[in-house]
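Trainee: Under our numbering, the first residue of the sequence shown carries the number 1, and numbering increases by one thereafter. Here's a structure for you.
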Amino acid sequence: MYFTDQSAPKHRLPLYKTVLCITCALILIVNGLSLFQNLRSLKGANAQLAQSSRVAERLQYLNVLVLDAESSTRAYFISGNENYLGPMRGALKDSETEFRELEQLLQDNPNQLKNLAQLKNLVRRKLGILSQGLDVYRHGGLNEIVNIARVSDSRSSMDEIRLQVVIMVQEQNETMAQRSASFYQEYEKAVLLGTGINAVAIVVLIMFYQLVRRSFGHRAAVEHALQASNENLESTVAQRTEQLSVLSRHLISISEEEKVRLSRELHDEMGANLTSISMDITAVTMQLQKTDPELAAKLKRARATLLETVELKRRIIENLRPSLLDNLGLCAAIDSYCEEFARLAGIPCDTEIGPEIDGIAKAGETSLSIALFRIVQESLTNIRKYARADTVSVTLKRNGEGMLVLRIIDDGVGIASNTLVKPMSHGLLGMRERALLLGGTLNIRRGRGDKGTCIEVHIPLRPKAETAPQSPAAAALAAAKLGGISSGLHRRADDHTPSSPPYSTHPHSAPDPHDQVQ
């Protein structure tokens, strides 16, 4: 491992990849602009076509207005009924409206505007002649109208209007044809340009495909190498984990054996020596009571100190290897330790142990009883040191799934989430390893009412024929499958109702100080 203060190298995209990306972007931009221009041209052509259609319709409508006005005037001359003058009266107003709309439609065509001006004069003159005819009819009657009709040539004015309309329609069609030809020329150019752009795009896509294919192959090779490296690393980690697990369990086993040896030596050797010393002090004290009372009193105090040492030796032996665990079984040992915890810590401790536990512990291996007792011992020690709890409960029973469930719950301050993963949390790691040694799990979460801590251990029960020691590989596999300490601090401990009468439901309360003095 080495350290450097240099910044990480900057990875840049290769030049050919940059050129390909820019080319693709330019092709897309040009193609988009070409498409936009084609759409605008098509929209303009459609607008011009619609404009030509409207111009032709307006011109034909003007022609119809003049014809209707002339026909209505003749009907009035013959019948004398003014109801026939409706088209004549409407023609004056409608013609002006049509001329204004035509001026707006033809404002981009000066020639057509000139033709429209001539048509406007012809229509106005024709409508003026018709209006004068009405005045003549009202003053002179039908005979006067007939005389005027013989002299004047009203047919020629109507022909001029028709001719002017035809001229304007024809010129509008010619203009439309020119614009259509221009549009199709532009369209052909756009098609050629689009074809070229598409051809270039196809070439770029082929190059891009080759680039992606090459990059994908390189990436697949890198991923394969990385996968092989990860598999090798995982194998190494699994091997190291297996070795550490085997070493940890071996250390736990050696620790228990060493504790048994120390407790036996303390009980046999040191116990015999202390007993001999006590007997000698008692004998000397009885002899010196008459001759030297002062020295006898000192010997009595020495004997009292010796008895305290014997009591200390007994507690040390019990902590190393509880005699109740070997003599009376797991239930009695846990119950006795909880009572001792309540007496020393001043914290009430309730125990709930199922009646089937002793039979299960006796039928199983000794490691089961030792592991469960050590977990209870370590948990209560942590509660006494750190929890600041008011009450503690210890539950050990078999659930419906055929597993031993050990649950230690307190109402103290709880365990911080970062404490669970600290490398110096040897107590928690030791409890976890003891649970994994038996193929079980250890979970830590919040206690009842989201207060305190709940330590829950699940140990699978196996028939006695299947309780052979696990191989290191099997132990590591079980440890990998079952996981470690779960720190679900958001969950609450469940309330459990025993399915059968418990072996022990002793509420171990803190002793009265007055009773202790007595």
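Just so you know, even glycine gets a beta-carbon here, dropped at the ideal spot from N, CA and C.
With 8 Å as the threshold, decide whether the Cβ of Tyr-209 is near any Cβ in chain B.
Mentor: Considering every chain present, this structure includes no chain B. It has just one protein chain.
Trainee: Mind checking whether Val-394 and Val-376 have CB atoms under 8 Å apart?
Mentor: Yes, they are a contact pair.
Trainee: Just grab the DSSP bridge partners of Val-55 for me.
Mentor: Looking at the DSSP assignment, Val-55 forms no beta bridge with any residue, so it has no partner.
Trainee: Can you tell which of Leu-39, Ser-367 and His-458 has the C-alpha that lies nearest to the C-alpha of Val-191?
Mentor: Val-191 has its Cα closest to that of Leu-39, out of Leu-39, Ser-367 and His-458.
Trainee: Beta-carbon within less than 7 Å of Asp-411's beta-carbon, same chain only, minus the 5 sequence neighbours each way: which residues are those?
Mentor: Answer for Asp-411: Ala-389, Asp-390, Thr-391, Gly-447, Lys-451 and Gly-452, listed in chain order.
Trainee: Looking at Ile-459 and Ile-415, is the spacing between their C-beta atoms short of 8 Å?
Mentor: Against a cut-off of 8 Å, the Cβ pair of Ile-459 and Ile-415 comes out as no contact.
Trainee: Report the residue from Arg-100, Lys-43 and Ala-25 whose alpha carbon sits nearest the alpha carbon of Leu-62.
Mentor: When only C-alpha atoms are compared, the closest one is Arg-100.
Trainee: Hey, which unbroken runs of the beta strand (DSSP E) at 3 residues or more fall wholly within the region 388-414?
Mentor: If we require 3 residues or more, the beta strand (DSSP E) runs fully inside the region 388-414 come out as 392-398 and 403-410.
Trainee: Can you tell me which of Ile-455, Glu-294 and Lys-298 puts its alpha carbon nearest to the alpha carbon of Leu-372?
Mentor: Among Ile-455, Glu-294 and Lys-298, the Cα nearest to that of Leu-372 is on Ile-455.
Trainee: Rounded to whole angstroms, what's the CA-CA distance from Val-19 to Leu-26? Just pull it up for me.
Mentor: The straight-line gap from Cα to Cα measures roughly 10 Å.
Trainee: Quick check: the Cα distance between Pro-60 and Val-165, rounded to an integer number of angstroms?
Mentor: At residue 60 the sequence reads Gln, which differs from the Pro that was named. The straight-line gap from Cα to Cα measures roughly 7 Å.
Trainee: Kindly identify the DSSP beta-bridge partner or partners of Glu-352.
Mentor: Glu-352 is bridged to Thr-395.
Trainee: On the CB-based measure, 16 or more other CB atoms within 10 Å of its CB, does Asp-335 come out buried or exposed?
Mentor: Under this definition Asp-335 is a buried residue.
Trainee: Report the rounded CA-to-CA distance for Lys-300 versus Thr-285, giving the unit in angstroms.
Mentor: Distance between the alpha carbons of Lys-300 and Thr-285 is about 7 Å.
Trainee: With a floor of 4 residues, list each alpha helix (DSSP H) that falls wholly inside the region 63-124, ordered by position along the chain.
Mentor: Segments of the alpha helix (DSSP H) lying fully in the region 63-124: 86-105.
Trainee: Report the three-state DSSP secondary structure of Ile-347 (helix, strand or coil).
Mentor: Ile-347: coil per DSSP, three-state reduction.
Trainee: Is it true that the CB of Lys-126 sits closer than 8 Å to the CB of Val-66?
Mentor: Contact: yes.
Trainee: For Leu-119, which residues in the same chain have their Cβ closer than 6 Å to its Cβ, ignoring the five residues on either side in sequence?
Mentor: Excluding positions up to five away in sequence, the list reads Gln-164.
Trainee: Kindly indicate which three-state DSSP category Leu-20 falls into: helix, strand or coil?
Mentor: Correct three-state label for Leu-20: helix.
Trainee: Under 6 Å Cβ to Cβ from Leu-15, same chain only, skipping five residues before and after it: list those, please.
Mentor: Nothing listed; no residue qualifies.
Trainee: For Gly-86, which residues from the same chain have a beta carbon less than 7 Å from its beta carbon, with the 5 sequence-adjacent residues on both sides left out?
Mentor: For Gly-86, where only same-chain residues beyond five positions count, the Cβ hits under 7 Å are Ser-72.
Trainee: Can you tell me whether DSSP reads Gly-329 as helix, strand or coil?
Mentor: Three-state DSSP puts Gly-329 in coil, outside helix and strand.
Trainee: Relative to the C-alpha of Ser-253, which candidate in Ser-52, Val-237, Glu-433 and Ala-56 has its C-alpha closest?
Mentor: Residue Glu-433 is the option with its Cα nearest to Ser-253.
Trainee: How is the alpha helix (DSSP H) around Met-431 delimited, first residue to last?
Mentor: Unbroken alpha helix (DSSP H) run through Met-431: 426-437.
Trainee: Check for me: the alpha helix (DSSP H) holding Met-286 runs from which residue to which?
Mentor: Where Met-286 is concerned, the enclosing alpha helix (DSSP H) stretches over 271-291.
Trainee: Please report how far the alpha carbon of Gln-227 lies from the alpha carbon of Leu-233, in whole angstroms.
Mentor: Roughly 10 Å between the two C-alpha positions.
Trainee: Would you mind stating whether Ser-79 and Leu-122 have Cβ atoms separated by less than 8 Å?
Mentor: For Ser-79 and Leu-122, no; Cβs fall outside 8 Å.
Trainee: Can the beta-carbon of Leu-28 be found closer than 8 Å to that of Met-176?
Mentor: No, the Cβ-Cβ distance between Leu-28 and Met-176 is not below 8 Å.
Trainee: Evaluate the contact criterion for the region 338-345 versus the region 278-298: three or more CB pairs, one atom per stretch, below 8 Å.
Mentor: No, the region 338-345 does not touch the region 278-298.
Trainee: Please report the straight-line C-alpha distance between Thr-282 and Arg-303, rounded to a whole angstrom.
Mentor: Computed Cα separation, rounded: 8 Å.
Trainee: Give the range of the alpha helix (DSSP H) segment to which Ile-357 is assigned.
Mentor: That run of the alpha helix (DSSP H) goes 357-363.
Trainee: Between which two residues does the alpha helix (DSSP H) harbouring Arg-384 extend?
Mentor: Here Arg-384 belongs to no alpha helix (DSSP H), and DSSP marks it neither H nor E.
Trainee: Among the candidates Leu-396, Thr-381 and Glu-401, whose CA atom is the shortest distance from the CA of Leu-428?
Mentor: Nearest of Leu-396, Thr-381 and Glu-401 to Leu-428, Cα basis: Thr-381.
Trainee: For Leu-262, I'd like the list of residues in its chain whose CB is within less than 6 Å of its CB, leaving aside the five on either flank, ordered along the chain.
Mentor: These residues qualify, in order along the chain: Leu-320.
Trainee: Can you give me the Cβ contacts of Lys-259 inside the same chain, cut-off strictly under 6 Å, excluding the 5 residues immediately before and after it?
Mentor: So the qualifying residues of the chain are Leu-320 and Arg-321.
Trainee: Look at the alpha carbon of Ser-245 and the alpha carbon of Leu-437, and state the distance between them as a whole number of angstroms.
Mentor: Spanning the two alpha carbons is a distance of roughly 9 Å.
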